[in-house]
Amino acid sequence: MTLETLAKDIAASAKADVDAILKEAKAEAKQIINDAETKASGITDEANSRAEREASQISREVVASARQANQKAILIAKREAMDSTYAEIKEKLADPGFKGRASMLKSLMSKANKLASADFVIRPVEVDKKALSDLKGKRKVGESVEGLGGFILEAADSSVSYDMRFDTLLDSTWANSLSEVNKILFE
16 MTLETLAKDI AASAKADVDA ILKEAKAEAK QIINDAETKA SGITDEANSR AEREASQISR
76 EVVASARQAN QKAILIAKRE AMDSTYAEIK EKLADPGFKG RASMLKSLMS KANKLASADF
136 VIRPVEVDKK ALSDLKGKRK VGESVEGLGG FILEAADSSV SYDMRFDTLL DSTWANSLSE
196 VNKILFE
């Protein structure tokens, strides 16, 4: 299971939650608009032409305010869904039993083999230390680093390093795919 597949699975789950939140926010906004229109209609019936103009103005302001409140509620719901999706992905990546973990580590190590020579040191995230010890080849395994998984590949003199931790890769992928994630969840 790749990070992309995991993201799509989580996005589909989050989409259902978002749809329910959006439906509720739209229904509430519709009720607010209906109430505002009813109020404006009552004022218009009782007033002369000047009162009619004032009622019309009040109606437009109330409707605009209701729409603005609805838009704000929708934006907040979308932000919460995005944050929740991101948190779920991080949680799954941090799980030592994550099914795609071994293949991701192999893929990262293959990339590391292309990027750097064998004298680079592998600084693993503790949860992946054993698996990376098996994949290290001629490289040494150094001190552990903080993270959800993966490793940092560092030159022996510490002059160059490649951050291949899941956290860094997720942050980069998330930033690059934000508009796509937004489309999946909200369109």
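In the numbering used here, the protein residues as written are 16 to 202. Glycine included, every Cβ here is placed at the ideal spot set by N, Cα and C. Everything numeric in this text was worked out from a predicted model, so none of it was measured.
Buried is the label assigned to K107, since at least 16 other Cβ atoms lie within 10 Å of its Cβ. Taking 7 Å as the cut-off, the Cβ atoms of V140 and S148 do not count as close. Beta bridge pairing from DSSP links P111 with no other residue.
In the DSSP secondary-structure assignment, R180 is bridged to G165. In the three-state reduction of the DSSP assignment, V175 falls in the coil class, being assigned neither a helical nor a strand state. With contacts defined by Cβ atoms closer than 7 Å, L200 and K30 form a contacting pair. Between the alpha carbons of K114 and D143 lies a distance of about 13 Å.
Between A79 and L120, the C-beta spacing is not below 7 Å. In this structure, L193 and G165 do not form a Cβ contact; the two beta carbons are roughly 21 Å apart against a cut-off of 8 Å. R138 sits in a strand when the DSSP states are folded into three classes. Across the structure, E76 and Q83 are spaced so that their CA atoms are roughly 10 Å apart. Every alpha helix (DSSP H) stretch that sits fully inside the stretch 47 to 131 and reaches 4 residues is listed by chain position as 64 to 109 and 116 to 130. The C-alpha of A127 lies about 40 Å from the C-alpha of A92. Residue pairing by DSSP puts V160 in a beta bridge opposite V140. V136 counts as buried, since at least 16 other C-beta atoms from the protein chains shown sit within 10 angstroms of its C-beta. Around K151, the same chain offers I137 as residues with beta carbons nearer than 7 Å, after the five sequence neighbours per side are excluded.
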